[in-house]
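For the sequence shown, position 13 (counting from the first letter as 1) is numbered 13 according to full-length UniProt numbering, and the numbering increases by one without interruption.
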Amino acid sequence: MKPIKRKDYEAALEPMQLELEALARWLQRTGKRLLVVFEGRDTAGKGGAISAVSQRLNPRQCHVVALSKPTERESGQWYFQRYVPHLPAAGEIVLLDRSWYNRAGVERVMGFATDAQVQAFLEQAPIFEKQLVDDGILLFKYWLCCDQAQQEQRFAERNEDPLKRWKLSPIDLEARKRYDDYTLAREAMLAATHKPFAPWTLVDFNDQRLGRLTLLRDLLDRLPDTRLEQDTLDFPPLPGEPARERYGMLKPITPFDAG
1 MKPIKRKDYE
11 AALEPMQLEL
21 EALARWLQRT
31 GKRLLVVFEG
41 RDTAGKGGAI
51 SAVSQRLNPR
61 QCHVVALSKP
71 TERESGQWYF
81 QRYVPHLPAA
91 GEIVLLDRSW
101 YNRAGVERVM
111 GFATDAQVQA
121 FLEQAPIFEK
131 QLVDDGILLF
141 KYWLCCDQAQ
151 QEQRFAERNE
161 DPLKRWKLSP
171 IDLEARKRYD
181 DYTLAREAML
191 AATHKPFAPW
201 TLVDFNDQRL
211 GRLTLLRDLL
221 DRLPDTRLEQ
231 DTLDFPPLPG
241 EPARERYGML
251 KPITPFDAG
């Protein structure tokens, strides 16, 4: 399959983002809560997929959560505890850039969790998610897939591009050697946590633009009918000529010279 062109991608994305805006209004009016988990290979494209969902939405309603390494105190808590404060309230959307599934992925593969901890997680995760769903949260879990050749190319781009270098960590470099280990960990995770009330959806992200469109279309199609009439605002004309900005104590700095 040929990579999708930018203009075709943007033409397909815009109507979906309008549907997302309608979804946001529906959530506000109904008080429903939406939680979307983004997991997958390093470099698969989680950040870009999350941006495609969130970029046209009100950031006060749509929250992107990307937790850092647990603190010493968090390491001594119930494993799921640090995620609970970030769950959506009524009318909110939360997009998790990685999630509690770190334990079944990177922590397992890199040896940051014991076998007993991983096994306990795989048993407890469906119970935790069942509680979320039973409480009314709309929960979606996506795993973004990419072949190792694509992963290597993207790692190289991060290494060479100073604007992307921050995305490349020592753990990423170690993960390059463990592609097959991550596959085995993913399959064990799916076997234990792919449940009817909280199923996993795998999306091919070898072409990231096509992957984003595929994920968005799937998400929107699986939600209830969210079409609501947009509120109309009274927007009368100004009573006179528009005023120009006036300055007293300070004036704007010199404009940038675009050459």
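Note that beta-carbon positions come from the ideal geometry of N, C-alpha and C, so glycine has one too.
In this text, all values refer to a predicted model and were calculated from it rather than measured experimentally.
Taking DSSP as the reference, what is the three-state secondary structure of residue i?
| i | result |
| --- | --- |
| Gly-48 | helix |
| Ile-137 | strand |
| His-86 | helix |
| Lys-2 | coil |
| Leu-144 | strand |
| Gln-55 | coil |
| Leu-132 | helix |
| Asp-161 | coil |
| Ile-253 | coil |
| Trp-166 | helix |
Exposed or buried, residue i, counting other C-beta atoms within 10 Å across all chains shown (16 or more means buried)?
| i | result |
| --- | --- |
| Ala-185 | buried |
| Glu-14 | exposed |
| Thr-71 | exposed |
| Leu-20 | buried |
| Asp-42 | buried |
| Glu-174 | exposed |
| Gln-148 | exposed |
| Phe-205 | buried |
| Trp-143 | buried |
Going straight from the alpha carbon of residue i to that of residue j, what length do you get?
| i | j | result |
| --- | --- | --- |
| Ile-171 | Ala-192 | 25 Å |
| Val-118 | Phe-256 | 54 Å |
| Leu-139 | Leu-233 | 33 Å |
| Pro-126 | Lys-195 | 7 Å |
| Leu-210 | Ile-4 | 6 Å |
| Ala-258 | Pro-252 | 17 Å |
| Gly-136 | His-63 | 18 Å |
| Val-84 | Gly-91 | 17 Å |
| Val-94 | Glu-241 | 43 Å |
| Asp-115 | Glu-187 | 16 Å |
| residue 266 | Asp-134 | Limits of the chain in this structure are 1 at one end and 259 at the other, which puts residue 266 out of reach. |
| Ser-99 | Gln-131 | 16 Å |
Note the first and the last residue of the continuous alpha helix (DSSP H) segment covering residue i.
| i | result |
| --- | --- |
| Trp-26 | 6 to 30 |
| Asp-97 | Looking at the DSSP string, Asp-97 is not in any alpha helix (DSSP H); the run it does join, the beta strand (DSSP E), is 93 to 97. |
| Ser-75 | 72 to 75 |
| Arg-186 | 179 to 193 |
| Thr-214 | 208 to 222 |
| Glu-229 | That residue, Glu-229, is in no alpha helix (DSSP H); it is neither H nor E in DSSP. |
| Glu-107 | 106 to 109 |
Could you give the first and the last residue of the continuous beta strand (DSSP E) run that contains residue i?
| i | result |
| --- | --- |
| Leu-34 | 33 to 40 |
| Ile-171 | Element bounds for Ile-171: not the beta strand (DSSP E) but the alpha helix (DSSP H), 170 to 175. |
| Leu-202 | 200 to 204 |
| His-63 | 62 to 65 |
Identify, in the order they occur along the chain, each residue of the same chain with its Cβ nearer than 7 Å to the Cβ of residue i, setting aside the five sequence neighbours on each side.
| i | result |
| --- | --- |
| Asp-218 | Thr-201 |
| Arg-158 | Lys-164, Arg-165, Lys-167 and Leu-168 |
| Arg-178 | Val-109 |
| Gln-150 | Asn-206 |
Keeping to the same chain, check which residues put their C-beta closer than 6 Å to that of residue i; ignore five residues upstream and five downstream.
| i | result |
| --- | --- |
| Leu-87 | none |
| Tyr-101 | Glu-39 |
| Val-36 | Leu-95 and Phe-140 |
For residue i, which residues from the same chain have a beta carbon less than 8 Å from its beta carbon, with the 5 sequence-adjacent residues on both sides left out?
| i | result |
| --- | --- |
| Arg-222 | Phe-140 |
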